[in-house]
Amino acid sequence: MLYSIRQFQSNTCLLKDFYIRKNRRLSRRISLHMTMMVFFFAGYLGFFYCFITDIHLGLEMITAHVFFFGAIFVAMGNNLHRGMLFSIKSSYQRTLSISTALEEEREKLLTANRQLLQTKDVTILALAYQAELRDGETGSHISRTSEYVGLIARQMKKNSSQSSYLTDEYVHELVKSAPLHDIGKVGIPDRILQKKGKFTPEEFEIMKKHCEYGSEVIRKAQEKLNFQSFLEIATQLTLSHHEKWDGSGYPSGLAGNQIPLSARIMALADVYDALRSKRYYKDAFSHEKTCAILREERGRHFDPEIVDAFFAREKNFERISSEHGD
Ligand SMILES: [Fe+2]
Numbered sequence: 003m004l005y006s007i008r009q010f011q012s013n014t015c016l017l018k019d020f021y022i023r024k025n026r027r028l029s030r031r032i033s034l035h036m037t038m039m040v041f042f043f044a045g046y047l048g049f050f051y052c053f054i055t056d057i058h059l060g061l062e063m064i065t066a067h068v069f070f071f072g073a074i075f076v077a078m079g080n081n082l083h084r085g086m087l088f089s090i091k092s093s094y095q096r097t098l099s100i101s102t103a104l105e106e107e108r109e110k111l112l113t114a115n116r117q118l119l120q121t122k123d124v125t126i127l128a129l130a131y132q133a134e135l136r137d138g139e140t141g142s143h144i145s146r147t148s149e150y151v152g153l154i155a156r157q158m159k160k161n162s163s164q165s166s167y168l169t170d171e172y173v174h175e176l177v178k179s180a181p182l183h184d185i186g187k188v189g190i191p192d193r194i195l196q197k198k199g200k201f202t203p204e205e206f207e208i209m210k211k212h213c214e215y216g217s218e219v220i221r222k223a224q225e226k227l228n229f230q231s232f233l234e235i236a237t238q239l240t241l242s243h244h245e246k247w248d249g250s251g252y253p254s255g256l257a258g259n260q261i262p263l264s265a266r267i268m269a270l271a272d273v274y275d276a277l278r279s280k281r282y283y284k285d286a287f288s289h290e291k292t293c294a295i296l297r298e299e300r301g302r303h304f305d306p307e308i309v310d311a312f313f314a315r316e317k318n319f320e321r322i323s324s325e326h327g328d
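With the first letter of the sequence shown counted as 1, position 308 gets the number 310 in my numbering; the numbers rise by one all the way through.
What follows is the structure in structure tokens.
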């Protein structure tokens with residue numbers, strides 16, 4: 003009997019924290035049950051005391067006391083068990099409905115997030131395409147160069163001194179930023195941008211400004227955000243994709259590692275695509291001829307490690323160029 007009482011008490015303590023504390027009616031019933039238990043237990047002790055000390059007077063009264071409070075204690079205990087099980091069941095059902103509602107909310111958030119990311123990608127492409135369109139491009143230049151950038155970055159992540167810098171997140175953002183590299187062309191007058199002939203030195207100076215125009219547009223947009231976004235990579239890449247490894251590029255004449263990695267990768271992707279594409283002043287070069295030019299420019303126009311990464315994946319470049327050519 004005492005063992006059962008002890009078990010019941012420890013079970014009640016365990017459940018109290020989780021299910022019973024908020025149920026005032028059940029808490030009151032438990033307190034009353036505990037009081038009955040004290041009376042019942044006191045009766046037990048009284049009975050044993052009278053029995054051991056051989057006091058017969060009052061023994062019948064105490065026995066009646068024990069039976070009375072014992073019966074109430076047991077009846078209340080059964081009732082409480084039912085109450086506690088019911089309380090657990092209601093809590094479980096509440097938890098279940100909260101968890102279902104949370105799962106639904108999570109799904110909604112994930113869908114909204116996916117849609118937001120798609121909207122972001124489409125907005126970038128629309129902006130980039132606008133600049134390409136004015137330049138007489140078809141838009142496939144944007145998607146091809148993005149693929150080339152991804153190929154080089156993933157290859158360098160596997161095997162280059164920059165692999166620790168090229169995290170998955172960086173590579174992802176770099177690929178997303180690549181279409182924006184020539185967005186500054188929207189600021190170049192049509193007479194220069196669409197000129198079918200060699201630029202005069204003055205026209206070329208104006209053309210060079212597309213790097214600064216583009217980075218300025220993106221920097222202004224970036225200022226409106228209060229968190230670090232892919233636009234930071236886009237700003238670097240847009241500003242410096244015409245810099246050369248030997249310092250002879252524009253707009254700032256940066257050399258070597260002064261040129262952001264994103265821009266160094268973009269430079270090779272952009273030049274490979276330009277060489278492989280037909281222009282009014284030249285035919286499209288073959289993949290082999292393009293490779294020979296890039297090899298020659300290793301350490302001059304391009305970062306040697308980026309040229310190495312290109313040659314490790316050159317077959318993929320050739321496939322993309324043939325499948326997605328203009
Ligand atoms: Fe450019």
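The C-beta atom is built at its ideal place from N, Cα and C for all residues, glycine as well.
Throw me the rounded Cβ distance for the G216 and I185 pair, which I believe falls under 8 Å.
4 Å
In the DSSP assignment, find the unbroken alpha helix (DSSP H) run with R116 in it and report its ends.
L61 to R136
Continuous alpha helix (DSSP H) assignments of at least 4 residues falling wholly in the region 253-283
263-278
Give me the pocket residues for ligand 1, defined as CB within less than 7 Å of any heavy atom, sorted by chain position.
H183, D184, H212, C213, H243, H244 and D272
Hey, would you say A265 sits closer than 8 Å to L239, going by beta carbons?
yes
One question on the structure: do A257 and F304 come within less than 8 Å of each other, judged by their Cβ atoms?
Not closer than 8 Å, so no.
Stretch pair the region 143-155 + the region 163-183: three plus CB contacts closer than 8 Å:
yes
Which listed residue (A276, A155, R8 and L111) has its alpha carbon closest to that of I144:
Out of A276, A155, R8 and L111, A276 has the C-alpha closest to the C-alpha of I144.
Buried or exposed (CB count within 10 angstroms, at least 16 for buried), M36:
Taking a 10 Å sphere around the C-beta of M36, we find fewer than 16 other C-beta atoms and assign the residue as exposed.
Is the beta carbon of M158 less than 8 Å from the beta carbon of S165?
Cβ distance < 8 Å, so M158 and S165 count as in contact.
May I have the straight-line CA-CA distance separating I7 from R84, to the nearest angstrom?
17 Å
Are the beta-carbon atoms belonging to F75 and F50 less than 8 Å from one another?
no
What number of angstroms, rounded off, separates the C-alpha of C293 from the C-alpha of A180?
Cα-Cα distance, rounded: 21 Å.
8 Å Cβ cutoff met for R329 and I322:
Because the chain in this structure spans residues 3 to 328, residue 329 falls outside the shown range and cannot be described.
Tell whether a beta-carbon distance below 8 Å holds between F287 and R281.
no
Let me check one thing: in DSSP terms, what residues is F304 bridge-paired to?
R300
Buried or exposed: which applies to G45, given that a residue is buried once 16 or more other Cβ atoms fall within 10 Å of its Cβ?
Buried, since its Cβ has 16 or more Cβ neighbours within 10 Å.
Give the DSSP-derived three-state secondary structure of F312 in the structure shown.
In the structure shown, F312 sits in a helix (DSSP, three-state: H, G or I).
Which stretch, first to last residue, makes up the alpha helix (DSSP H) that contains A236?
L233 to S242
F229 lies in the alpha helix (DSSP H); which residues open and close that run?
DSSP places F229 outside any alpha helix (DSSP H), giving it a letter other than H or E.
Tell me where the alpha helix (DSSP H) around H212 begins and ends.
It spans H212 to E225 - the alpha helix (DSSP H) in which H212 sits, taken as one unbroken run.
For the candidate residues I190, Q120 and E325, whose alpha-carbon lies nearest to that of I208?
I190
Going by DSSP in three states, L16 sits in which element: helix, strand or coil?
The three-state reading of DSSP puts L16 in helix, counting H, G and I together.
Which residues mark the beginning and the end of the alpha helix (DSSP H) in which D170 is found?
D170 to S179
Just to confirm, is the Cβ distance from P253 to E299 under 8 Å?
no
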